[in-house]
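All residue numbers in the sequence shown are consecutive under the UniProt record's numbering, ending with 242. Ideal Cβ placement from N, Cα and C applies to all residues, glycine included. It should be emphasised that the depicted structure is a prediction, and the values quoted were computed from it without experimental measurement. Before any comments, here is the structure.
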Amino acid sequence: MTSVQNHYDRLLGPLYGWMLGDGEKARERARQELHDAGISAGDGLAVDLGAGNGLHAVPLAESGYAVVAIDTCQSLLDELRESSGTFAITAVRDSLETFRRHCPTAPDVVVCMGDTLTHLPSREAVQGLISEVAASLAPGGIFVTTFRDYVRGVLEGPARFIPVQSDEEKILTCFLEYGRDRVIVHDILHTRALSGWEMTVSAYPKVRLDPEWVGAQLGQRGLQVCTEPGQRGMVRIVARKI
Ligand SMILES: C[S@@+](CC[C@H](N)C(=O)[O-])C[C@H]1O[C@@H](n2cnc3c(N)ncnc32)[C@H](O)[C@@H]1O
1 MTSVQNHYDR LLGPLYGWML GDGEKARERA RQELHDAGIS AGDGLAVDLG AGNGLHAVPL
61 AESGYAVVAI DTCQSLLDEL RESSGTFAIT AVRDSLETFR RHCPTAPDVV VCMGDTLTHL
121 PSREAVQGLI SEVAASLAPG GIFVTTFRDY VRGVLEGPAR FIPVQSDEEK ILTCFLEYGR
181 DRVIVHDILH TRALSGWEMT VSAYPKVRLD PEWVGAQLGQ RGLQVCTEPG QRGMVRIVAR
241 KI
């Protein structure tokens, strides 16, 4: 098993845009998700934790925010910079756990989307991040996170093999191996070569987070929490600093 960063640097980062499918449709879904979460237009600071190639950072900037987009994967940050155009997006290569050192002011919006929260190494690390988010948000500020519930939605048998994306040249399949506190995510990439299909496998851990526990952590730090179904089977938690 490799680290999250190695996994993205070596396998998933360069494939991520392709994996999302039609880029404009994916961006439209992201706009809708931010809208559904109650993020309205504003001219303050928004922070995108684990921003990837900018799926949410660009719509946040379109809505008027100055965006700090943080990720550890260089190829995804390069894509994000390319799609930033003239928008006020600062792309930063760093761990999302230390996002506060990149915030010039208290953020009005912090997002951690697309199952990024589960990429943290432990529940303690998630608690640490939640403390930092709660402390940093401006009054009235909002935190939105979407992630998969690997605690209740446990897949079994063949259902653990998930077809992710494919075309004539590549097939990406995901296999989930459940442990007590973590799920090991195996990404299996088949690439067409002259001699036939070649297979590359890389695996990394995700932490199994109970949405109720995440909501309680936010609530204990004084945020008003709403947990609801998100897109594509994810859970969405919206937390406001009153
Ligand atoms: C599943 S992708 C989601 C990307 C984006 N938020 C989206 O919804 O499309 C997870 C992202 O988090 C990044 N990531 C994982 N752990 C991180 C960490 N500790 N610090 C910063 N970025 C991290 C990965 O490089 C990857 O871009």
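Look at R180 here: in three-state DSSP terms it is coil, with no helix or strand label.
In this structure, the C-beta of C226 stays at least 7 Å away from each heavy atom of ligand 1.
In this structure, C174 has its beta carbon at no less than 7 Å from each heavy atom of ligand 1. Cα atoms of L218 and P14: separation of roughly 33 Å, rounded to the nearest angstrom.
Closest by C-alpha distance to Q5, out of Q231, G50 and V109, is G50. Restricted to the stretch 142-202, the beta strand (DSSP E) segments that are unbroken, complete and at least 3 residues in length are 142-147, 161-166, 170-178 and 182-193, listed in chain order. At a threshold of 7 Å, V207 does not count as near ligand 1, since its beta carbon sits no closer than that to any of the ligand's heavy atoms.
Below 8 Å, enough C-beta pairs join the stretch 65-78 and the stretch 40-47 to call them touching: three or more.
Counted as a single uninterrupted DSSP element, the alpha helix (DSSP H) harbouring Q217 occupies residues P211 to Q220. By a beta-carbon distance limit of 8 Å, C174 does not contact H190. Their separation comes to about 13 Å. Shown here for A30: same chain residues with a beta carbon closer than 7 Å to its own, the five before and five after excluded, namely L55, H56 and P59 in chain order.
Every beta strand (DSSP E) stretch that sits fully inside the stretch 28-72 and reaches 3 residues is listed by chain position as 45-49 and 66-71. Between the C-alpha atoms of A193 and F99 there is a straight-line separation of about 41 Å.
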